[in-house]
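Below is one structure, written out as structure tokens, with a few remarks after it.
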Amino acid sequence: MTRTRAYLLLGPVAFVWFFAWILLLDLLRPEYTSAHKAVSELGAIGAPHMWAMNLFGFIATGVMLMLAARGYRAVIPQRSRFPAAMLWLTGLLFALTAVPIAMAPDGDPDRSAPITQVHLLISQLGLLPWLIALLVLMTRFGDRAHRPLALISLLTVVAFIGVIVLYAAGVGATTPGLMQRLWFAVVLGWFAAAGLWLAVGQGAGARHAVVGEGRG
Numbered sequence: 001m002t003r004t005r006a007y008l009l010l011g012p013v014a015f016v017w018f019f020a021w022i023l024l025l026d027l028l029r030p031e032y033t034s035a036h037k038a039v040s041e042l043g044a045i046g047a048p049h050m051w052a053m054n055l056f057g058f059i060a061t062g063v064m065l066m067l068a069a070r071g072y073r074a075v076i077p078q079r080s081r082f083p084a085a086m087l088w089l090t091g092l093l094f095a096l097t098a099v100p101i102a103m104a105p106d107g108d109p110d111r112s113a114p115i116t117q118v119h120l121l122i123s124q125l126g127l128l129p130w131l132i133a134l135l136v137l138m139t140r141f142g143d144r145a146h147r148p149l150a151l152i153s154l155l156t157v158v159a160f161i162g163v164i165v166l167y168a169a170g171v172g173a174t175t176p177g178l179m180q181r182l183w184f185a186v187v188l189g190w191f192a193a194a195g196l197w198l199a200v201g202q203g204a205g206a207r208h209a210v211v212g213e214g215r216g
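Just so we're aligned: 174 in the numbering used here is position 174 of the sequence shown, and the numbers increase by one with no gaps anywhere.
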């Protein structure tokens, strides 16, 4: 296995790792309900598994995404490194969401606490470079060799818009934890699908033709 392929496979690994980890920590806390509680509450200040969530949940997953972006830089169907740089920044911001939130006495996140506001800001900013990268990759739809990657990006953006519609419809008000997990599934799902296609799918053969482009 080449180093580039190993990096690419970290995309699907990050997806499985993150959701397996939050499921494990969820099961270890009987009072925690994933449909109504935010993922960040697993790593909140004073939480039973605060360090486990922040180190192995957010930071470890973010590092995997950053390494996956290195693989994309070598094979991404684009003449500049810009999309890969945006994906790398997505991974960095994901890791930085390890900044823990503070909890209020009533058991809900203390949104007025400065550290919670920092966490929320990083979380929201993390979507921006990811979305920019996908929009750029969608412009390659006319290239037959890389149309599947553009299609993956297009379908992911559609799913992203779908989650926004659900939020606007008020679904997030009743099941905020579930909605947040949908966000994670959409973002990490792109890394998983794109990584698999480029590493072991048809893209594994096509990617060699664009290594020179990706390094331009």
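Glycine residues also receive a C-beta, built at the ideal position from the N, C-alpha and C atoms.
What are the boundary residues of the alpha helix (DSSP H) that residue i is part of?
{"i": "HIS146", "result": "HIS146 -> no alpha helix (DSSP H), and no H or E assigned at all."}
{"i": "THR174", "result": "171-174"}
{"i": "MET119", "result": "Reading off the sequence shown, one finds His at residue 119, where the question assumed Met. Counting along the chain, the alpha helix (DSSP H) containing HIS119 begins and ends at 114-125."}
Counting C-beta neighbours from all protein chains within 10 Å, is the total for residue i 16 or more, i.e. buried, or is it exposed?
{"i": "GLU41", "result": "buried"}
{"i": "TRP197", "result": "buried"}
{"i": "GLY46", "result": "exposed"}
{"i": "HIS119", "result": "buried"}
{"i": "SER34", "result": "buried"}
Just to confirm before moving on: does the CB-CB distance between residue i and residue j stay below 8 Å?
{"i": "GLY195", "j": "LEU8", "result": "yes"}
{"i": "GLY71", "j": "THR4", "result": "yes"}
{"i": "LEU92", "j": "MET66", "result": "yes"}
If you reduce the DSSP assignment to three classes, tell me which class residue i lands in.
{"i": "PRO105", "result": "coil"}
{"i": "ASP26", "result": "helix"}
{"i": "ILE45", "result": "coil"}
{"i": "VAL200", "result": "coil"}
{"i": "ILE76", "result": "coil"}
{"i": "ARG81", "result": "coil"}
So residue i and residue j are in contact, right, with Cβ under 8 Å, and what is the actual spacing, rounded?
{"i": "GLY126", "j": "THR97", "result": "7 Å"}
{"i": "LEU178", "j": "SER153", "result": "The Cβ separation is near 25 Å, so there is no contact."}
{"i": "TRP183", "j": "VAL163", "result": "6 Å"}
{"i": "ILE115", "j": "ILE101", "result": "7 Å"}
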